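Asks: Can you keep this structure in mind? I'll have questions shortly.
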Amino acid sequence: MKKIPPFVWNDQERTFIKYNLISMGFKDLLSYRYSEYWINKYHDYFLIYPKKCTRCGSNKKIQLHHLTYEHLGNEKSKDLIPLCKQCHLWVHKEGWRIRNEFLSLF
Ligand SMILES: [Zn+2]
Ligand SMILES: [Zn+2]
Numbered sequence: 219m220k221k222i223p224p225f226v227w228n229d230q231e232r233t234f235i236k237y238n239l240i241s242m243g244f245k246d247l248l249s250y251r252y253s254e255y256w257i258n259k260y261h262d263y264f265l266i267y268p269k270k271c272t273r274c275g276s277n278k279k280i281q282l283h284h285l286t287y288e289h290l291g292n293e294k295s296k297d298l299i300p301l302c303k304q305c306h307l308w309v310h311k312e313g314w315r316i317r318n319e320f321l322s323l324f
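Numbering (this note's numbering), first residue to last: 219 to 324.
So, in structure tokens, the structure goes:
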């Protein structure tokens with residue numbers, strides 16, 4: 219099990235994310251996640267990177283986690299890491315922001 223610190227948004231990031239989603243025509247992160255753009259992004263990512271959880275190594279129910287929302291709507295590969303559903307929930311449940319050194323995990 220790889221150590222991946224939990225991720226939380228601060229108020230500034232929430233405002234940034236909300237503003238950007240609205241300007242792209244989405245009402246929230248969920249509608250973004252189900253958008254054609256994101257579905258294509260997801261498939262394109264796994265043409266290059268293994269479909270495997272960065273934290274536990276599972277290959278089931280893999281989701282793409284944002285290390286940063288800085289490029290929301292135009293995410294770079296390094297902005298994202300694959301996590302299984304369970305690890306993804308864990309990462310979002312608790313404390314601090316994921317750190318840059320974990321970018322080197324893939
Ligand atoms: Zn996992
Ligand atoms: Zn996430």
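Yeah, the Cβ is synthetic: ideal placement off N, Cα and C, and Gly gets one too.
Given the structure is predicted, the values throughout are model-derived calculations rather than measurements.
Taking the C-alpha atoms as reference points, what is the distance between Glu293 and Thr286?
Replies: 9 Å
Asks: Checking the sheet assignment: what are the DSSP bridge partners for His283?
Replies: Ile299
Asks: Is it buried or exposed for Arg251, if we count other Cβ within 10 angstroms and need 16 for buried?
Replies: exposed
Asks: Any heavy atom of ligand 2 closer than 7 Å to the beta-carbon of Phe225?
Replies: yes
Asks: Compute every distance between the C-beta of Leu285 and the non-hydrogen atoms of ligand 1, then say whether any falls below 7 Å.
Replies: no
Asks: Helix, strand or coil: which one does DSSP assign to Asn292?
Replies: coil
Asks: With contact counted as at least three CB pairs below 8 Å, one residue from each stretch, are the region 298–312 and the region 269–287 in contact?
Replies: yes
Asks: Whose C-alpha, out of Glu288, His310 and Ile299, is nearest the C-alpha of Ile235?
Replies: If we check each option's Cα against that of Ile235, Glu288 comes out closest.
Asks: Run the CB neighbour count on Phe328, radius 10 Å, all protein chains shown included, and call it buried at 16 or more, exposed below.
Replies: Because residue 328 is not part of the residues shown, which for the chain are 219 to 324, the question remains open.
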